[in-house]
Structure formats: C-alpha cells, structure tokens
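Q:
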Amino acid sequence: MLQQTVQLVHLNEDERAAREASEKASQEAFLANKKLEVKNKELEHFAFMASHDLQEPLRTTARFIELLQQQYKGRFDQKADKYLAFISDASERMKILIKDLLDFSRIGTKNEMEQLDCNQIIKTVIEDLMVAIKESNASIQCDELPVFIGYSTEIKLLFQNLLINAIKFRQPGTAPSVNISVKQNNDYWQFAVSDNGIGIEKTQSEKIFEIFQRLHARSAYDGSGIGLSHCKKIVELHQGKIWVESIPGAGSTFYFTILIQNKPQGVKSGS
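Here the sequence shown stands for residues 24 to 294, where the numbers follow the working numbering.
(1) For the beta strand (DSSP E) that Glu268 lies in, which residues bound it at each end?
(2) Within 10 Å of its beta-carbon, does Lys225 have 16 or more other beta-carbons around it, so buried, or fewer, so exposed?
(3) When burial is assigned at 16 or more other CB atoms within 10 Å of the CB, is Ala243 buried or exposed?
(4) Quick one: what does DSSP say Gly173 is sitting in, helix, strand or coil?
(5) Helix, strand or coil, according to DSSP, for Ala113 in the structure here?
(6) Please work out which residues of its chain come closer than 8 Å, Cβ to Cβ, to Ile149, disregarding the five sequence neighbours upstream and downstream, and give them in chain order.
(7) Between which residues of its own chain and Ile144 is the CB-CB distance below 7 Å, once the five residues before and five after are set aside?
(8) In terms of residue numbering, what span does the alpha helix (DSSP H) encompassing Lys206 cover?
(9) Within 10 angstroms of its Cβ, does Asp218 collect 16 or more other Cβ (buried), or is it exposed?
(10) Is Asp210 closer than 7 Å to Val170 when the C-beta atoms are compared?
(11) Assuming the contact rule is C-beta atoms closer than 8 Å, Lys341 and Thr280 should be a hit. Round their C-beta distance to whole Å, please.
(12) Hey, how far is the Cα of Leu251 from the Cα of Ile221?
(13) Rounded to whole angstroms, what's the CA-CA distance from Ile234 to Asn184? Just pull it up for me.
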C-alpha cells in the first residue's frame, strides 16, 4: 500500500512538472509571438512612413527633370540628354518602388473581412489584365472556385500578382497557359496557379518570396521584385502559407492555402 502511495506521489509530481513545463513553453511561445507582432508592426510603420515621406521629394525631382527635358532639350550635347533620360528612368523606377512599398505596408490595415465569391474576383482580375492577356495571347483556365471569408482587395491583389507573373515570365515564343484550381485540404482551401513559363530553380523557391528579390536582370524583366512578397503577406494574413513547385524550362505551380472559416459576426456580405 505504501509503495502504491509513493508511486502515486511520484506520478503526480511528474504530471505537475510536465504541466508546468508545458505552461512555461506556451507562455514563452506567446511572448515570442507578441514580440514578433510588435516588431512586424514597427517594420510596417517604418515602411509606410519612409515610403510616404519619400514621395514628395521624388515628385519634386521628377518635375525638375521634366522641365529640363522640355525647356533645354537640344541645348545640351547628346551625352547630357542621354544622362537626363537615365535620371528620368531611374526616377520612374523609384516612383514604382515607393508605391509598391507603400502598398506592402498597407496590406490588411484598412479593410474588414467579408464573404468573397472567388469566381467573381478572378473575373475582375482577368478584365483588369485583358490588355496584357491579349498582347501575350495568354490562355487562362479556371475551375469552379469557393466562396470564403477574406479581405477583398488583398485577395484580388494576390491573384493579380500571380497571373502577372505567369504572363511576364513566359517562354520565348510560347503563349502563356495558366490554370487555376482548388481543393479542400482539412481546414483550408488549397489553391494552385500553374503556368508553362520559364520556371524557377529549386534553390530560389523560398528566396522569391522575400521583399525586393529579383531573379532576373531588370533589362530582361521589369518590376520592383515585391509582387510575391505581397502574395506571401496576404496569404499569411488569411492564416495560410504559400510555396512554389517548379521545373526550369517547363513551368511553375504556386500553391497557397486560405483558412476555411464560418462567417464571423460583423462580417459584410457580398463581394
């Protein structure tokens, strides 16, 4: 009997120690997440302020470059005109970069979640990209997509960036072919956006989602290198993840997940 009592005491002590260790680990994880949230908010605020404050001096610079080109064209030698053109192009790239950075810092900050018809969003995105689609002779196929709870502007931007990438990074002499599909994977919708483009090396498959990362020279493909960073942030905002599987020279499939949620209280309908 005494032996059984001792065993029970040891068992209770072990359970208590395990519970305390679990609670400590949970508390540490909670504090680490809170610390990360604070750092992320600080970074987003910095990005917003930096990009916002840079816009005015950039506008002034661009305006004076424009005046120089208009009023003094032909009064400089050819080399000076060439340098002015370089400055003007760089100014325009900086303008796009600042806008993209500002957009990145604003993701998920102003809108409220609502019920979204993903089919309607894709239709709108395709209409917005119709010029690029026609110029590249792109073909876009789309399965029946779900209705879910999310941020309308951000989800539209997510699909827009993925379709732009599929059209931009196409095989030379080959019309882009894009397929959008979805399946339910436990508590998530798992989307796939597949293309027949130039593909991505496996060593670059994570790097491409980092902000301002470019895999190709600007002379080959334009852009700021922030589009897929937008995608990652939007997907994480919806408690999902994004990744790519690719074969260089054969195409890529971008996968992302969106948490399936019941309609929360206060959520708007429509969209």
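Virtual Cβ for every residue (Gly too), placed ideally from N, Cα, C.
Just so you know, these numbers come straight off a predicted model, no measurement behind them.
A: Taking the structure as given:
(1) In the sequence shown, residue 268 corresponds to position 245, counting from 1. Its beta strand (DSSP E) spans residues 265 to 270.
(2) The residue labelled residue 225 in the question sits at position 202 within the sequence shown. Its Cβ having fewer than 16 others within 10 Å, Lys225 is exposed.
(3) Sequence index remark: in the sequence shown, residue 243 carries index 220 (1-based). Any reading at Ala243 must be qualified, since the residue scores a pLDDT of 46, below 50, and its modelled position is unreliable; no value is offered.
(4) Translated into the one-based positions of the sequence shown, residue 173 becomes position 150. The three-state secondary structure of Gly173, taken from DSSP, is strand.
(5) The residue labelled residue 113 in the question sits at position 90 within the sequence shown. Here Ala113 sits in helix by DSSP.
(6) As a working mapping, residue 149 is identified with position 126 in the sequence shown. Cβ neighbours of Ile149 beyond the five flanking positions: Ile156, Ile163, Leu186.
(7) Taking the first residue of the sequence shown as position 1, residue 144 is located at position 121. Only Ile178, Lys179, Phe182 meet the Cβ criterion.
(8) Looking up residue 206 in the sequence shown gives position 183. Where Lys206 is concerned, there is no enclosing alpha helix (DSSP H), although the beta strand (DSSP E) it sits in stretches over 200 to 208.
(9) As a working note, residue 218 is residue 195 in the sequence shown. Around the Cβ of Asp218, a 10 Å sphere holds 16 or more other Cβ atoms; the residue is buried.
(10) On the sequence shown, residue 170 is found 147 positions in, with the first residue counted as 1. On the sequence shown, residue 210 is found 187 positions in, with the first residue counted as 1. Taking 7 Å as the cut-off, the Cβ atoms of Val170 and Asp210 do not count as close.
(11) Past the boundaries of the shown model lies residue 341; the chain is included only from 24 to 294, so the question cannot be answered.
(12) Stepping through the sequence shown from its first residue, residue 251 is reached at position 228. Stepping through the sequence shown from its first residue, residue 221 is reached at position 198. The alpha-carbon separation between Leu251 and Ile221 amounts to approximately 16 Å.
(13) On the sequence shown, residue 234 is found 211 positions in, with the first residue counted as 1. On the sequence shown, residue 184 is found 161 positions in, with the first residue counted as 1. One C-alpha to the other measures close to 14 Å.
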